[in-house]
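S.K.: Protein chains in written order, with UniProt numbering: chain R, 1 to 276; chain E, 1 to 418; chain G, 1 to 304.
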Amino acid sequence: MKRPDWFLVALWTILVIAAALWVAPFVFILLTSLKTEAEIYATTVFALPAHPAWSNYAQAWGRGNFAATFLNSVIITCIKVPLGLLLSAMAAYALAQMRIPGRNTVFLAILFGTMIPFQVLLAPLFSLVNSLGLINTYVGVILPYIAFGVPYQVFVLRGFFRHVPKEMTEAALLDGANHLTIFWRIFLPLSLPALAALVILDFVATWNEFAMALVILQDSGRWTLPLGLMSFQGQFASAYGQLNAAIVMTVLPAAIVYLIFQRYFIGGLTAGAVKE
Amino acid sequence: MVGRRILFAALLLGAQVVAGTSGTASAETTLKVWTISWDDVAMSGFKQMIADYEATHPGIHVEEESRGTDEHKAAMRVAINSSAGPDIYYMWGGLGLGGEFANAGASAPLDAAYAQYKWDDRFLPSALGDSRRYKAPQRHGVPFLVHGEGLYYNKALFKRAGITAPPTTYAELTADADKLKAAGIAPIVFGGSVNWHLMRLMDELLETECGAAKHDALTSMQANWATEPCATASFTQMKHWADDYTLKPFMGLADDQAQGLFYAGRAAMILEGDWFVHMIQAHTDISNFGLFLFPTGTGRLYFFSEYFYVSARSQNKAAATAFLDFITSPAEQQKHLGQFGSTSVDKGIDYNGRTQPLDMQWNRTLASTTGTFVNGDQAFPLDVTTEYWRIINAVAIDTMQPAAASAAMQSFIANRHH
Amino acid sequence: MPALASGAPKPGRLGAPWQAVILLGPALLAYGVFAVLPFLDVIRLSVMRWDGLSPHAAFIGLANFRFIFTEDAVFWTAFGNSVIWTLLSVAIPPAIGFALALGLNQKLRGRNALRAMFYLPVIIAPIAVATMWRWMYDPFFGIVNSLLTDAGLQRLIQDWLGDRRVALYAVFVAYVWQTAGFAMVLFLAGLSNVSPTLLEAARLDGANRAQCFRHVTLPALGSTITVVIVLSLINSFRTFDIVYGMTHGGPAQSTQLLAFWAYTQSMQLHDFGHGSAIAVVLLAVTALVVIPYLRWTQRREDAA
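#1: Just the C-alpha distance for arginine 390 (chain E) and tyrosine 153 (chain E), rounded to the nearest angstrom, thanks.
#2: For proline 167 (chain E), which residues in chain G fall below 9 Å Cβ to Cβ?
#3: Can you pull the chain R neighbours of aspartate 243 (chain E), defined as C-beta to C-beta under 7 Å?
#4: The stretch 146-162 of chain G: which residues have C-beta closer than 7 Å to a C-beta of chain E, in chain order?
#5: Excluding sequence positions up to five away, which residues of its chain have a Cβ less than 7 Å from the Cβ of phenylalanine 276 (chain E)?
#6: Scan the stretch 117-174 of chain R and note each continuous beta strand (DSSP E) run of 3 residues or more that stays entirely inside, going in chain order.
#7: With valine 146 (chain E) and valine 345 (chain E) assumed to form a contact (beta carbons below 8 Å), what rounded beta-carbon distance in angstroms separates them?
#8: For threonine 246 (chain E), list the residues DSSP reports as bridge partners.
#9: For alanine 128 (chain G), decide whether its Cβ has a neighbour in chain R, counting only Cβ atoms nearer than 8 Å.
#10: Of the choices R:Gln235, R:Leu214, R:Ala245 and R:Tyr152, whose alpha-carbon is the least far from that of proline 226 (chain R)?
#11: Could you spell out where the beta strand (DSSP E) holding tryptophan 92 (chain E) opens and where it closes?
#12: Within 8 Å of any Cβ in chain R, is that where the Cβ of arginine 67 (chain E) sits?
#13: Over the uninterrupted alpha helix (DSSP H) stretch that includes leucine 147 (chain G), give me the two end residues.
#14: Valine 194 (chain E) and leucine 247 (chain E) look like a contact to me (Cβ under 8 Å); what is the Cβ gap, rounded to whole Å?
#15: So for phenylalanine 144 (chain E), helix, strand or coil by DSSP?
#16: When the Cα atoms are used, what is the spatial distance from alanine 245 (chain R) to tryptophan 223 (chain R)?
#17: Just to make sure I have the definition right: I need the residues of chain R whose C-beta is within less than 9 Å of the C-beta of serine 54 (chain G). Which are they?
#18: Do you know how far the Cα of serine 37 (chain E) is from the Cα of leucine 31 (chain E)?
#19: Would arginine 390 (chain E) count as contacting chain G if we go by Cβ distances under 8 Å?
#20: Along the chain, where does the beta strand (DSSP E) that runs through threonine 35 (chain E) open and close?
#21: Which residues in the same chain have their Cβ closer than 7 Å to the Cβ of glutamine 265 (chain G), if we skip the five residues on either side of it in sequence?
#22: Is tyrosine 67 (chain E) helix, strand or coil when you go by DSSP?
#23: Would you mind working out which of E:Asn103, E:Gln281, E:Ala379 and E:Leu198 sits nearest alanine 136 (chain E), comparing C-alpha positions?
#24: Which same chain residues, not among the five before or five after glutamine 158 (chain G), have their C-beta less than 6 Å away from its C-beta?
#25: Is threonine 77 (chain G) closer than 8 Å to glutamine 253 (chain G) when the C-beta atoms are compared?
#26: Closer than 8 Å by beta-carbon distance: list the chain R residues that pair up with glycine 260 (chain E), in chain order.
#27: In the DSSP assignment, find the unbroken beta strand (DSSP E) run with glycine 290 (chain E) in it and report its ends.
#28: Can you tell me whether lysine 159 (chain E) is buried or exposed, with buried defined as 16 or more other CB within 10 angstroms of its CB?
#29: Considering only C-alpha positions, which residue in the set G:Val74, G:Trp50, G:Gly32 and G:His56 is nearest to alanine 63 (chain G)?
#30: For asparagine 103 (chain E), which of helix, strand or coil comes out of DSSP?
#31: So, does the CB of aspartate 383 (chain E) fall closer than 8 Å to a CB anywhere in chain G?
#32: Can leucine 201 (chain R) and valine 150 (chain R) be called in contact, C-beta distance under 8 Å?
#33: Give me the Cβ distance between arginine 158 (chain R) and alanine 53 (chain R), rounded to the nearest whole Å; I'm assuming they're in contact under 8 Å.
#34: According to DSSP, what are the bridge partners of aspartate 72 (chain G)?
#35: Given a cut-off of 8 Å, decide if serine 314 (chain E) and aspartate 87 (chain E) are closer than it, judged by their beta-carbon atoms.
#36: Taking CB distances under 8 Å as the criterion, tell me whether valine 74 (chain G) reaches chain E.
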């Protein structure tokens with residue numbers, strides 16, 4: 001019989017307590033979102049609502065114009081994520097498998113993009129998008145999203161493609177295939193696991209993006225979920241139940257995607273940063 | 001084939017727009033009006049006004065677009081240099097916002113329309129003030145809304161503190177605040193996180209300490225904040241209110257949180273505008289609340305106006321002024337009384353149907369007002385407003401002394417590169 | 001074998017250079033126009049006076065920099081806050097993430113569920129995190145002050161986001177909550193590279209847990225630690241949403257950070273010159289960190 005390892009028992013206890021602390025904010029938000037104003041003022045913070053006030057959700061949905069912001073977020077995310085990844089994968093293939101003069105310089109320039117805090121570029125980005133007449137348009141926000149998604153995705157996928165032996169490409173070329181075909185027929189299917197990870201990662205990043213949307217989508221009809229939530233907070237800061245319902249509705253889609261695709265997610269995050 | 005015909009018409013219309021023709025061939029004139037999103041009552045009132053106008057003016061189509069306050073300002077900035085902008089736009093009257101756009105060339109001068117429609121006879125003198133802020137003889141904008149601001153108070157709390165009548169001088173006001181404090185009641189509440197809430201107090205104090213002429217000179221940046229003793233004195237009073245009279249903590253609160261605390265009786269006073277009557281009504285029993293003007297001693301009303309301006313780039317200026325004349329006409333104003341605010345911009349409106357005492361108090365106040373002073377954020381240009389807010393907050397949270405505050409204000413104004 | 005790129009294309013087929021253009025072009029075009037161009041433009045704008053919309057911008061040399069360094073009452077506050085923020089961001093979330101990773105790398109019951117819980121805040125929109133924590137810090141009804149009251153610790157009650165002495169740190173706590181899981185995951189990945197046979201050998205040699213950690217685990221994590229620290233550093237420069245949502249830089253601009261002050265100047269006060277000058281300062285600081293790191297990465301990759 002094995003003696004219990006007291007070190008591990010203590011460690012486990014500490015971690016469980018820490019995890020409870022970590023999720024406490026979610027519990028608090030969820031509980032608040034189901035309380036009436038009177039309950040919020042009168043009951044203690046972790047008290048269960050007597051009758052869940054689902055009406056908070058309905059009211060927040062209407063007042064926050066969630067139908068529109070949700071749709072905008074879905075449209076922008078569903079166009080940006082696949083399109084951006086395809087462009088990144090194409091570029092990553094070229095940089096990994098083709099002999100292009102100066103490709104290391106190009107790669108370094110792209111890599112630099114992973115490091116720029118794009119938040120300081122909001123003003124020139126606004127004037128650029130404005131000069132193209134794309135303020136308040138989906139295209140106007142999707143293009144910068146793609147541009148700032150390219151660096152990390154190219155970085156990860158290029159690393160992935162480089163591990164594929166060059167001989168494979170060269171053999172295919174000798175068989176008469178061109179690079180476009182090789183990319184499409186061989187490399188894209190090959191990189192599906194890495195792409196899946198990046199899809200999840202990019203989905204969450206795009207879904208959550210706030211700063212660029214803030215300067216480019218100035219019309220409330222084009223707002224994404226984070227902008228809608230921010231405006232809701234500005235207008236109804238004291239409608240606590242509805243505000244928390246709005247938070248839950250904003251957070252839930254990303255949380256569900258994360259919980260379903262957890263495995264891929266962490267793979268995508270670590271693929272670029274920490275390599276064996 | 002109706003579908004085909006519509007498509008054809010759409011193509012034709014599109015071709016016209018592309019060709020930039022002014023649409024002489026089409027009988028229909030479209031007026032684009034940009035406003036902010038008012039509350040539901042005001043919004044439906046405005047749509048009704050449009051419907052009234054379209055019913056009596058065939059061939060004119062009015063297209064209304066409304067946005068949140070910040071989006072509206074942003075959209076206007078983008079539109080100012082493009083032909084895709086509105087024919088008529090909404091903006092506040094003061095030099096800070098309305099003036100910024102008018103001075104940037106966004107607004108068409110309306111002197112001819114003022115003469116043609118005799119608007120000077122129609123509107124309250126207080127409402128007209130902001131149309132005259134420009135280099136004579138230019139007049140800009142048509143008044144649509146007027147707002148006064150004052151102190152709302154909780155009658156029960158005043159009574160508990162032994163206050164029998166609202167104060168009529170600043171000394172009485174602070175004496176009453178002391179009484180409230182002694183009775184364990186927070187005299188006033190502000191939401192510090194929205195900068196303009198606490199700013200209202202500072203605006204009132206400047207009027208009180210400096211008097212009308214000097215206050216105007218300070219807000220128009222003609223007088224020197226650093227050497228004008230009343231500026232420092234106002235900041236000193238501001239600090240006194242923040243330290244001693246304001247429900248704490250307040251710097252982390254938004255305005256509607258502060259309002260919630262006021263409805264709940266956590267503080268005795270709040271500095272709000274005429275629109276607040278309806279907000280109290282929506283939350284609690286309004287008969288528990290009273291109203292008096294901040295006793296500045298100058299006799300001027302703390303006031304701002306909201307205007308409609310005709311865009312300088314509009315191709316339909318005559319139709320635009322005719323529309324504005326219609327919606328500000330006494331008949332329309334009487335018809336939509338109370339939907340936009342307590343008081344109409346017009347003279348001679350019949351308020352006799354009213355029952356809410358606080359609304360009636362505002363009607364009397366606004367109708368009898370001649371002198372006004374405007375909110376700081378509507379008097380100053382944007383960058384000065386931002387600095388004004390920072391300094392007010394810095395004094396309130398004790399990082400800046402009053403003398404340093406007026407010096408900081410002056411050095412910011414002196415360093416502006418305009 | 002002859003160089004493929006120089007092979008003459010057969011009629012009707014794309015040559016290799018064209019194939020390269022098709023594959024690389026779109027991504028480079030998007031990146032060039034919407035990332036590199038604004039990057040260059042911000043440098044240009046930092047020596048101009050411009051309101052963001054009028055057709056003319058005037059060249060004014062270094063006047064914007066002189067203004068932000070000597071006359072802007074907020075710049076140095078924002079700069080100081082950014083330094084504090086960066087130091088804390090590099091120290092605290094990685095330290096917590098490291099501790100969590102070490103713990104959750106052990107064979108524990110339910111460790112995957114625990115990992116997921118610690119990671120969950122990372123995937124939430126920062127603006128939602130800001131809204132959540134703003135409500136938790138509510139001075140009258142929020143959870144923080146309620147719990148302090150329940151625990152009899154009323155004297156610790158604060159106006160968390162309204163008091164200049166605590167606001168920045170109150171925001172930072174929310175930031176730690178959101179970012180510690182990110183460091184944890186990177187460290188877990190690094191730990192998975194620590195050779196189990198080496199650990200086993202060390203244990204057989206009689207090394208205790210502390211010795212195993214000190215002599216086997218820690219050396220193997222060297223590059224992971226560098227990566228986590230640099231990423232934390234870069235992410236700290238990017239902090240924007242959470243400040244926007246929680247304090248908007250207040251009270252009295254006491255929680256301003258450089259990225260947010262640059263935004264405020266350009267996009268809210270319409271002074272693109274000042275805003276861009278602040279942005280350039282932050283970019284210069286970023287470059288000081290990033291360029292050595294990129295060279296380090298390159299060397300590592302070349303060695304691999």
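Positions of the beta carbon are idealized from the N, C-alpha and C atoms, including for glycine.
M.R.: Short version:
#1: 28 Å
#2: Correct list: empty, because the minimum Cβ distance to chain G is about 28 Å.
#3: Here the premise fails: no neighbours, minimum Cβ distance about 25 Å.
#4: Asp159, Trp160, Leu161 and Gly162
#5: Tyr152
#6: none
#7: 6 Å
#8: E:Ile188
#9: yes
#10: R:Leu214
#11: 88-92
#12: yes
#13: 143-150
#14: About 15 Å; that fails the 8 Å criterion.
#15: strand
#16: 18 Å
#17: Under the 9 Å cutoff, chain R gives no residues; its nearest Cβ is about 11 Å from serine 54 (chain G).
#18: 18 Å
#19: yes
#20: 29-36
#21: Asp271, His274, Gly275 and Ile278
#22: Sequence check: residue 67 (chain E) is arginine here, not tyrosine. It is a strand residue.
#23: E:Asn103
#24: Val166
#25: yes
#26: Ser238
#27: 289-292
#28: exposed
#29: G:Trp50
#30: helix
#31: yes
#32: no
#33: Incorrect: roughly 51 Å between the Cβ atoms, too far for contact.
#34: Partner(s): none; aspartate 72 (chain G) has no beta bridge.
#35: yes
#36: yes
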